[in-house]
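Trainee: Here it is, the structure in full.
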Amino acid sequence: MANPKIQTRPSSAPIPVRFSEDQIAAIEETSALLGMSRQDVIRLSVSAGVKILRDLGYDGLAQLIADQAKR
């Protein structure tokens, strides 16, 4: 029996995303700082962001947005 294939790259179709110039600059700066590719920085950021959003829930997110608006 053959060993199962270990996927190290995403197998789904690419999703077009647009970033602001400030976001691109932050991604590139983080990429250089950590020695990671821009794609890896984006993937890691999305994964971490989704986890945080799930942990916050709707009410926590609403409160976070309200707190940011006060600044």
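Throughout, the working numbering is defined as the position within the sequence shown, counted from one, plus 1308. Don't be surprised by glycine CBs; every beta carbon is placed ideally from N, CA and C.
Among SER1353, ARG1362, ASP1367 and LEU1364, which has the Cα closest to the Cα of GLN1331?
Mentor: Counting from 1 along the sequence shown, the entry for residue 1331 is found at position 23. Nearest to GLN1331 by alpha-carbon distance, out of SER1353, ARG1362, ASP1367 and LEU1364, is SER1353.
Trainee: How many Å lie between LEU1364 and ALA1374 at the Cα?
Mentor: Residue mapping note: residue 1364 aligns to position 56 of the sequence shown, counting from 1. Residue mapping note: residue 1374 aligns to position 66 of the sequence shown, counting from 1. Each residue's alpha carbon lies about 13 Å from the other.
Trainee: So, helix, strand or coil for ARG1351, using DSSP?
Mentor: The sequence position of residue 1351 within the sequence shown is 43, counting from 1. In this structure, ARG1351 counts as helix in the three-state DSSP scheme.
Trainee: Using the Cβ count rule (16 or more neighbours within 10 Å means buried), how would you classify VAL1349?
Mentor: As a working note, residue 1349 is residue 41 in the sequence shown. Looking at its Cβ environment, which holds 16 or more other Cβ atoms inside 10 Å, VAL1349 is buried.
Trainee: VAL1358 by DSSP, collapsed to three states: which one?
Mentor: To locate residue 1358, count along the sequence shown from 1; it is residue 50. Here DSSP, grouped into helix, strand and coil, assigns VAL1358 to helix.
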